[in-house]
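Student:
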């Protein structure tokens, strides 16, 4: 019994009952109870459920306040919303004992995440520790723990996770181990990684509660290897400083947003890098250290890429990138790259590209395929503020089976465009020069100027390379050509081709020409020759010379005069061939070597007798029509021949003139239009 006459300082209190959680807001506002409740309860909304409650303590009369000595709170099934996140608790119990703090355990569900939780706190909630084990929707979990805004995590479904949260002094420490199969982690607006099967993530974050600064480490464990990083985030400067290190890492699904285009990267690598990253200013990134990569492949739905199973060794010094060696592939051709580049969003520097062998026919064919990445597509990968000099060297250049020689070029990549300042391919018999540009900025556009010169070149090699079969013609070729092509896309190169070509083929043979066979058959039927002409299938048709000038305009080849001289007959052709459709439309005049007297004494004259001051010639006129691979030859009777055709044959056979055109004149026309010409001031084209 208390002393009824003594002074009473406190009253013992015991409370047992049930609590309606919907009244939790009033409880947190009570001056008698609020001091014994965790601060986070103030952010709880829409609490629902009934929970048994036990409280034991004393009421201090002097201070008119309640002091709790022990208590328990056990919601078997309740729902609440915390900071916008729905939370369900089952079989939970919270216990308190003065001097020993709070204990909590139970089952918790956060949206699609579910955990078994256990935790402890001191009496004043100054030190808190919570451990959770279960399956988590990682994105929701990151929102709950107030992860920094630049760190975004998402997964298609909950993943296994062990999570530990400790609050002490002025910091919050979070540690977790999580399965990250198909989980996407974005550490900045332009960088992310997607986990593969068997991958797991260890993450430790220490966060200062006063200024929100963070530090920690992250390790991605893989089937064979790991990627580790220590980092520090300064909230005031919005700057991440990190060390990324791994002796053997495999990044199977890294996402990079480069210059507005998303890329997926697969790569094996070893690295030791110190990185300074302003979160929203990728142009100010500084990187120091080395990286060795292998099997690096970039993939993108929006833009093709040259990075396919490439190997690379790079040294970083701030914004300077020193490429010791990079082996990659372009249009199926192995390429070695080295050099120095400075900057991230504004690239500048010089690189050297070396290729052992290059088949320009294969590369050009792939450029024309709609499914293959074009050079203009690849240029779109490069930031517009770029100025990189490129030295290109190809040891051996081919056009299919045709050897062209060594290729050397000086190129510039600037403003999203490629400028060919000088490209030379040279061998014993040929020289090719090329200048021009391929543009993507402000719009797709290209121009190429090509100069080619050949001397004593085996023309059969050229025909075999172009037709990819047994050559139609053999002989020694002298040639000079100046061609240009301009348009929007390089795949329309032939459609837009224009220029001039002078050529002479000497002392050669024609094999299995359907056109020539038809012509000789016509002469045989007409009994023009006393002696049968040679069998083309065995020996070929020998000629002394074929020469002419070809003019090209928008993919159509035209000639006013191509002349063939042979011991059997001479021939002159004029007309055009459409390179796009392969259709030919031409006139052919043939002059067999027979005397007029002999032919008049044997057969009726079905040709045309052309007379000059000193001689008379017998000429036959034919039309050539159809596809160039199988043209049709039709004889034109005398009554159907036009006067202009007769005058042309008279001049061509009786008073031949120089048929070569002045290519230098065409070069001047290009220069007047502001087009680069692949000729130096020291060389003059043949006339």
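Numbering (this note's numbering), first residue to last: 4 to 690.
Backbone N, C-alpha and C define an ideal beta-carbon position, used for all residues, glycine too.
Just the C-alpha distance for residue 626 and residue 312, rounded to the nearest angstrom, thanks.
Tutor: Looking at the two C-alpha atoms, the distance is approximately 55 Å.
Student: Would you mind reading off the limits of the alpha helix (DSSP H) that contains residue 140?
Tutor: Run containing residue 140: none; DSSP gives neither H nor E here.
Student: Considering only the alpha carbon of each residue, which of 56, 49, 41, 48 lies closest to residue 17?
Tutor: Minimum Cα distance to residue 17 is reached at 56.
Student: Using beta-carbon positions only, say whether residue 695 and residue 576 come within less than 7 Å of one another.
Tutor: The structure shown has nothing for residue 695, since the chain only spans 4 to 690.
Student: Determine the contact status of residue 182 and residue 162, defining contact as a CB-CB distance below 7 Å.
Tutor: Result yes, Cβ atoms of residue 182 and residue 162 sit closer than 7 Å.
Student: Are the CB atoms of residue 511 and residue 546 nearer to each other than 7 Å?
Tutor: Yes; because the gap between Cβ atoms is below 7 Å, this pair is in contact.
Student: What does the Cβ neighbour count give for residue 682, buried or exposed, with the cut at 16 atoms within 10 Å?
Tutor: Answer is buried; the Cβ neighbour count reaches 16.
Student: Beta-carbon separation of residue 205 and residue 180 under 7 Å?
Tutor: Yes, they are a contact pair.
Student: Can you tell me where the beta strand (DSSP E) holding residue 434 begins and where it ends?
Tutor: 433-442 is the span of the beta strand (DSSP E), which, as asked, contains residue 434.
Student: Give me whichever residues DSSP pairs with residue 418 in a beta bridge.
Tutor: DSSP lists no partner for residue 418.
Student: Compare the beta carbon distance of residue 468 and residue 413 with 7 Å and say whether it is the shorter of the two.
Tutor: No, the Cβ-Cβ distance between residue 468 and residue 413 is not below 7 Å.
Student: In terms of residues, what are the limits of the alpha helix (DSSP H) holding residue 29?
Tutor: Residue 29 -> alpha helix (DSSP H) spans 27-32.
Student: From 462, 429, 488, pick the residue whose C-alpha is nearest to that of residue 476; which is it?
Tutor: Considering only alpha carbons, the answer is 462.
Student: Return yes when the Cβ of residue 106 is within less than 7 Å of the Cβ of residue 98, no when it is not.
Tutor: Contact: yes.
Student: Kindly indicate which three-state DSSP category residue 429 falls into: helix, strand or coil?
Tutor: The answer is strand: DSSP assigns residue 429 an E or B state.
Student: From residue 689 to residue 665, what distance separates their C-alpha atoms?
Tutor: In this prediction, residue 689 has a pLDDT of 48, which is less than 50 and means its spatial position is unreliable; what the coordinates show is noted afterwards. Computed Cα separation, rounded: 7 Å.
Student: As an exercise, report each continuous alpha helix (DSSP H) stretch of at least 4 residues that is fully enclosed by the stretch 639-672, in chain order.
Tutor: Those alpha helix (DSSP H) runs which fall completely within the stretch 639-672 and span 4+ residues are 646-657.
Student: Identify whether residue 608 lies in helix, strand or coil by the three-state DSSP scheme.
Tutor: A caution first: residue 608 carries a pLDDT of 46, below 50, which makes its placement in the model unreliable, though a value can still be read off. Three-state DSSP puts residue 608 in coil, outside helix and strand.
Student: Per DSSP, residue 235 forms a beta bridge with which residues?
Tutor: Bridge partners of residue 235: 218, 244.
Student: Residue 468 lies in the alpha helix (DSSP H); which residues open and close that run?
Tutor: First-last of the alpha helix (DSSP H) with residue 468: 462-470.
Student: Between residue 225 and the rest of its own chain, which residues show a CB-CB distance below 6 Å, the 5 nearest in sequence each way excluded?
Tutor: Once the five neighbours on either side are set aside, the close Cβ partners of residue 225 are 202, 253.
Student: Tell me which residue opens and which closes the beta strand (DSSP E) that residue 512 is part of.
Tutor: Here the beta strand (DSSP E) through residue 512 covers 500-513.
Student: Could you tell me the distance, in whole angstroms, from the CA atom of residue 270 to the CA atom of residue 228?
Tutor: Approximately 13 Å, taken between the alpha carbons.
Student: In whole angstroms, what is the alpha-carbon distance linking residue 419 and residue 490?
Tutor: Near 17 Å, if we compare the C-alpha coordinates of residue 490 and residue 419.
Student: Strictly by DSSP, which residues pair up with residue 594?
Tutor: BP columns for residue 594 point to 573.
Student: CA-CA distance, residue 524 and residue 643?
Tutor: Using only the alpha carbons, I get a separation of about 22 Å.
Student: Between 249, 121, 218, 124, which lies nearest to residue 238 when the distance is taken from Cα to Cα?
Tutor: Among 249, 121, 218, 124, the Cα nearest to that of residue 238 is on 218.
Student: Can you list, in chain order, the residues of its chain with a C-beta nearer than 7 Å to that of residue 364? Leave out the 5 residues immediately preceding and following it.
Tutor: Closer than 7 Å at Cβ, skipping near neighbours: 402, 403.
Student: Judging by CA-CA distance, which residue of 52, 50, 73, 66 is the nearest neighbour of residue 60?
Tutor: The shortest C-alpha separation from residue 60 is found at 73.
Student: Which value, in whole angstroms, describes the spacing of the CA atoms of residue 466 and residue 446?
Tutor: Their Cα atoms are separated by approximately 37 Å.
Student: Tell me the DSSP secondary structure of residue 583 in three-state form.
Tutor: Reduced to three states, the DSSP call for residue 583 is coil.
Student: Is it buried or exposed, residue 45, if we count other Cβ atoms within 10 angstroms and call 16 or more buried?
Tutor: Residue 45 should be labelled exposed.
Student: Any idea if residue 503 is buried or exposed, counting beta-carbon neighbours within 10 angstroms, 16 or more meaning buried?
Tutor: Residue 503 is buried by the Cβ-count criterion.
Student: Please state whether DSSP places residue 496 in a helix, a strand or coil.
Tutor: Reduced to three states, the DSSP call for residue 496 is coil.
Student: How far does the beta strand (DSSP E) with residue 205 in it reach, from first residue to last?
Tutor: Note, residue 205: beta strand (DSSP E), 203-211.
Student: According to DSSP, is residue 79 part of a helix, a strand, or is it coil?
Tutor: In this structure, residue 79 counts as coil in the three-state DSSP scheme.
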